[in-house]
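**Q** For reference, the structure I am asking about is given below.
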Amino acid sequence: MTTSDATWPVTRSPDPTSVVAGIAVLALGVLLLLDASSTLELSFGVLAPVACAATGAILLASGMTRRR
Amino acid sequence: MTTDDTTQQLPPESPQPRRLLRSRSDRVIGGVCGGLGRYFNVDPIIFRIGAVVLAFIGGAGLLAYLAALLLIPSEDSPAAADAPAGRHRWLLIAGVIVLLLVTWPFLLGGGLLLAGILVPLAFLVAAGVVVWWFVSGEGPGDDAGDIAKRAALGIGILALCGLIAIAGAWAAAAGGESVVAITVIVAGVAILVGAFVRPVRWLVLPAVTLAVSAGVVAAAGIDLDGGVGERDYRPASAADMRDTYQLGMGELVLDLRQTDLPAGDVPVGIDLGIGEARLIVPDDVCVATDAEVGIGEARTFDRHNEGVDVDVEDLPGASPDTTRLVVNADVGVGSLRIGHSGADLDLDRGQFDRGHFDFGPRFGDDLGRNLACDA
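Quick mapping for you: the protein sequence lines, in order, are chains A and B. Residue 1 is where the first sequence starts when you use this note's numbering, and the numbers rise one by one after that. Residue 1001 is where the second sequence starts when you use this note's numbering, and the numbers rise one by one after that.
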């Protein structure tokens, strides 16, 4: 093993649940920010499907990760 | 001596009793129904359906499942491997006795007090286990100690999420929606970066809770500007009227029956966060309404709308010598009532029972008709 090999961190695959959850939370945050800046008017007709989709995606990723 | 002789001299081997163990391979939650199915040689789906049905009939199925989860060892747990059959049998008998003691009030249809405590507790423990399962990836576990510990941790996270939801909703309603949105975005970035460095899955549930609670407040249009309490306005003339009557939370009444209103359009705004807003107008005034209710109901004279995202746009015209009140109302959560004499049923404080939260005139109460407008 060379010195350069030792300094590089071991490559690991990202946690899929965290990737999906991070994107979902980020999307919810952006939605809130758009509403706060009056760019978008948030209503339950928008919030309900987005929140359900985000939660569903997180649970799906979590379930698929666990099965592997 | 032959081999056959030797065999005949040995005492007959007693058959091993079947052991009731939670299944590792056939499990949905804790393997209880899978284990029962194998023990009784029956398809486990029958036990699963029975448990679900009993869970909805008084909660007995949930309690029974929880008790079985605590009492029946998993088939790969050290307790199952080491425990002698005799001890296991006594454990099973003890488990059945505990199960009967716990579930008899529900099975007999009695024990409402017990049901009132134990059923919510059972739901709470189950929710705690599921939450911890999601957060940490650790399932219900193999022994009672593990289950109790994981349920306690999950309940702790749920309690934390409850506090976060209240704080987030309050902050968003008090005008800090941008701060909440940025906090959610930062949490999302942290979770995303953590996926590549060190996962922080415990942050997911609080972040989603914060986002959804603030989102509900934003979608309902709840704004706590204007204070909290009861407001009762009876202006004498149009000059005394405000552009917008605002209240954060509570009851807002605008009574215009004694107000001197000029002919032509008279605009008025009503902005209520949570509660009830009532506008009472004279019989000879035409009312044009443009209103939004996030969650709740809007009653304008003989029209009634309720649900979420309620939009009311009723903009009739009026002759030039008639007063036309142009109402622009925004209610976050609650009710909006606009009408004639029927809307003041509880304005006289002496006749109104303040001991309970009353949304005013019930559906069917007469709010009059908007007859002063042109047809």
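The beta carbon of each residue, even a glycine, is placed where N, CA and C say it ideally should be.
Kindly confirm or deny that the segment 1184-1194 of chain B and the segment 1243-1262 of chain B touch, where touching means at least three C-beta pairs closer than 8 Å.
**A** Touching, no.
**Q** Using CA atoms only, rank isn't needed, just tell me which of A:LEU59, A:SER37, A:LEU28 and A:GLY45 is closest to SER1213 of chain B.
**A** Position 213 of the second sequence holds residue 1213 of chain B. Residue A:LEU28 is the option with its Cα nearest to SER1213 of chain B.
**Q** Could you work out which residues of chain A lie near ARG1201 of chain B, taking near to mean beta carbons separated by less than 9 Å?
**A** For the purposes of this step, residue 1201 of chain B is taken as residue 201 along the second sequence, with counting starting at 1. Within 9 Å Cβ-Cβ: ASP15, THR17, SER18, ALA21 and SER62.
**Q** Closer than 6 Å by C-beta to VAL1216 of chain B: which residues in its own chain qualify, once you throw out the five before and the five after it? Chain order, please.
**A** Locating residue 1216 of chain B in the second sequence gives position 216, counting from the first residue. Once the five neighbours on either side are set aside, VAL1216 of chain B has no close Cβ partner at all.
**Q** Checking 8 Å against the spacing of the C-beta atoms, do PRO14 of chain A and THR65 of chain A come in under that value?
**A** For the purposes of this step, residue 14 of chain A is taken as the residue at position 14 of the first sequence. For the purposes of this step, residue 65 of chain A is taken as the residue at position 65 of the first sequence. Going by C-beta atoms, PRO14 of chain A is not nearer than 8 Å to THR65 of chain A.
**Q** Taking C-beta pairs closer than 9 Å, name the residues in chain B that SER38 of chain A reaches, listed in chain order.
**A** Numbered from 1 along the first sequence, position 38 holds the residue referred to as residue 38 of chain A. None at all; the shortest Cβ gap to chain B is about 10 Å.
**Q** Helix or strand or just coil, what does DSSP make of MET1241 of chain B?
**A** Taking the first residue of the second sequence as 1, we reach residue 1241 of chain B at position 241. Reduced to three states, the DSSP call for MET1241 of chain B is coil.
**Q** Can you list, in chain order, the residues of its chain with a C-beta nearer than 6 Å to that of ASP1290 of chain B? Leave out the 5 residues immediately preceding and following it.
**A** By one-based count along the second sequence, residue 1290 of chain B stands at place 290. GLU1313 and ASN1328.
**Q** Let me confirm a value: PRO1044 of chain B is counted as buried when at least 16 other C-beta atoms fall within 10 Å, else exposed. Which label applies?
**A** Counting from 1 along the second sequence, the entry for residue 1044 of chain B is found at position 44. With 16 or more other Cβ atoms within 10 Å, it is buried.
**Q** With a threshold of 16 other CB atoms inside 10 Å of the CB of CYS1286 of chain B, please say whether the residue is buried or exposed.
**A** Residue 1286 of chain B sits at position 286 when you count from the first residue of the second sequence. Counting Cβ neighbours within 10 Å, CYS1286 of chain B comes out buried, since at least 16 surround it.
**Q** For SER1237 of chain B, count the other beta carbons within 10 Å of its own beta carbon; 16 or more makes it buried, fewer makes it exposed. Which is it?
**A** Along the second sequence, one-based indexing puts residue 1237 of chain B at 237. Looking at its Cβ environment, which holds fewer than 16 other Cβ atoms inside 10 Å, SER1237 of chain B is exposed.
**Q** Rounded to whole angstroms, what is the Cα-Cα separation between ALA51 of chain A and ALA1211 of chain B?
**A** The residue labelled residue 51 of chain A in the question sits at position 51 within the first sequence. The residue labelled residue 1211 of chain B in the question sits at position 211 within the second sequence. Distance between the alpha carbons of ALA51 of chain A and ALA1211 of chain B: 9 Å.
**Q** The beta strand (DSSP E) with THR26 of chain A in it runs from where to where?
**A** In the first sequence, residue 26 of chain A corresponds to position 26, counting from 1. It should be noted that the sequence gives Leu, not Thr, for residue 26 of chain A. That residue, LEU26 of chain A, is in no beta strand (DSSP E); its alpha helix (DSSP H) goes 16-36.
**Q** Does the count of Cβ pairs from the segment 1217-1231 of chain B and the segment 1167-1174 of chain B closer than 8 Å reach three?
**A** In short, these stretches touch, since the Cβ pair count reaches three.
**Q** Tell me the residue span of the alpha helix (DSSP H) that contains ILE1182 of chain B.
**A** Here the question's residue 1182 of chain B lines up with position 182 in the second sequence. Looking at the DSSP string, the run of the alpha helix (DSSP H) that includes ILE1182 of chain B is 1177-1196.
**Q** Thinking C-alpha only, which one of A:LEU34, A:ALA57 and A:PRO49 is nearest VAL1179 of chain B?
**A** Residue mapping note: residue 1179 of chain B aligns to position 179 of the second sequence, counting from 1. Ranking the options by Cα distance to VAL1179 of chain B, first place goes to A:LEU34.
**Q** Could you tell me which of B:VAL1208, B:THR1209 and B:GLU1251 sits nearest to VAL1228 of chain B, measuring between CA atoms?
**A** Residue mapping note: residue 1228 of chain B aligns to position 228 of the second sequence, counting from 1. Selected option, being the one with the closest Cα: B:GLU1251.
**Q** For chain A, check one thing: does any of its Cβ atoms lie closer than 8 Å to the Cβ of VAL1216 of chain B?
**A** Here residue 1216 of chain B refers to the residue found at position 216 when the second sequence is read from its first residue. Chain A contact via Cβ: present.
**Q** Specify the secondary structure class of GLY63 of chain A as computed by DSSP and reduced to three states.
**A** The sequence position of residue 63 of chain A within the first sequence is 63, counting from 1. Reduced to three states, the DSSP call for GLY63 of chain A is helix.
**Q** Whose C-beta lies closer than 8 Å to the C-beta of ASP1260 of chain B among residues of the same chain, with five residues either side of it excluded?
**A** For the purposes of this step, residue 1260 of chain B is taken as the residue at position 260 of the second sequence. Only ALA1236, SER1237 and ALA1238 meet the Cβ criterion.
**Q** For ARG1038 of chain B, does the three-state DSSP call read helix, strand or coil?
**A** Counting from one through the second sequence, the residue named residue 1038 of chain B turns up at place 38. Of the three classes helix, strand and coil, the one that applies to ARG1038 of chain B here is helix, per DSSP.
**Q** Relative to the alpha-carbon of VAL1308 of chain B, which residue among A:ALA53, A:SER43 and A:ALA36 has its alpha-carbon at the smallest distance?
**A** In the second sequence, residue 1308 of chain B corresponds to position 308, counting from 1. Minimum Cα distance to VAL1308 of chain B is reached at A:SER43.
**Q** Would you kindly work out how many angstroms separate the C-alpha atoms of GLY1339 of chain B and LEU1160 of chain B, rounded to a whole number?
**A** Start at 1 with the first residue of the second sequence, and residue 1339 of chain B comes out as number 339. Start at 1 with the first residue of the second sequence, and residue 1160 of chain B comes out as number 160. So the alpha carbons of these two residues sit roughly 44 Å apart.
**Q** If you drop the 5 nearest sequence neighbours on each side, which residues of the same chain put their C-beta closer than 6 Å to that of ARG1048 of chain B?
**A** By 1-based counting over the second sequence, the position of residue 1048 of chain B is 48. Only CYS1033 meet the Cβ criterion.
**Q** Can you check the segment 1265-1344 of chain B for any beta strand (DSSP E) of at least 3 residues that lies completely inside it and give the ranges in chain order?
**A** 1286-1300, 1303-1314 and 1323-1339, all fully within the segment 1265-1344 of chain B.
**Q** Going by the DSSP bridge assignment, what does VAL1228 of chain B pair with across the sheet?
**A** As a first step, residue 1228 of chain B must be located in the second sequence, where it is residue number 228. In the DSSP output, where bridge partners are listed per residue, VAL1228 of chain B has B:MET1249.
**Q** With a threshold of 16 other CB atoms inside 10 Å of the CB of PRO1262 of chain B, please say whether the residue is buried or exposed.
**A** Position 262 of the second sequence, counting from 1, holds the residue named residue 1262 of chain B. Flag for PRO1262 of chain B reads exposed.
**Q** Mind checking who ASP1260 of chain B pairs with in its DSSP beta bridge?
**A** Translated into positions along the second sequence, residue 1260 of chain B becomes position 260. B:SER1237.
**Q** Just to check my reading of the structure: ARG1022 of chain B and GLU1075 of chain B have Cβ atoms closer than 8 Å, yes? What is that Cβ distance to the nearest angstrom?
**A** As a first step, residue 1022 of chain B must be located in the second sequence, where it is residue number 22. As a first step, residue 1075 of chain B must be located in the second sequence, where it is residue number 75. ARG1022 of chain B to GLU1075 of chain B, Cβ: 6 Å. Contact.
**Q** Any Cβ of chain B within less than 8 Å of the Cβ of GLY56 of chain A?
**A** By 1-based counting over the first sequence, the position of residue 56 of chain A is 56. It does not; no Cβ of chain B falls within 8 Å.
**Q** Smallest Cα separation from VAL1253 of chain B: which of B:GLY1030, B:GLU1230, B:PRO1320 and B:ILE1166?
**A** Against the second sequence, residue 1253 of chain B aligns to sequence position 253. When each option's Cα is compared against that of VAL1253 of chain B, the closest is B:GLU1230.
**Q** Let's test the definition: count the other Cβ atoms within 10 Å of the Cβ of SER1335 of chain B and tell me whether it reaches 16, buried, or not, exposed.
**A** Looking up residue 1335 of chain B in the second sequence gives position 335. SER1335 of chain B is buried by the Cβ-count criterion.
**Q** Go ahead and label ASN1370 of chain B buried or exposed: buried means 16 or more other beta carbons lie within 10 angstroms of its beta carbon, across all protein chains shown.
**A** Sequence index remark: in the second sequence, residue 1370 of chain B carries index 370 (1-based). The residue in question, ASN1370 of chain B, is buried, as its Cβ has 16 or more Cβ neighbours within 10 Å.
**Q** Are the CB atoms of CYS1373 of chain B and PRO1320 of chain B within a distance shorter than 8 Å?
**A** For this step, residue 1320 of chain B is matched to residue 320 along the second sequence. For this step, residue 1373 of chain B is matched to residue 373 along the second sequence. In this structure, CYS1373 of chain B does not lie closer than 8 Å to PRO1320 of chain B by Cβ.
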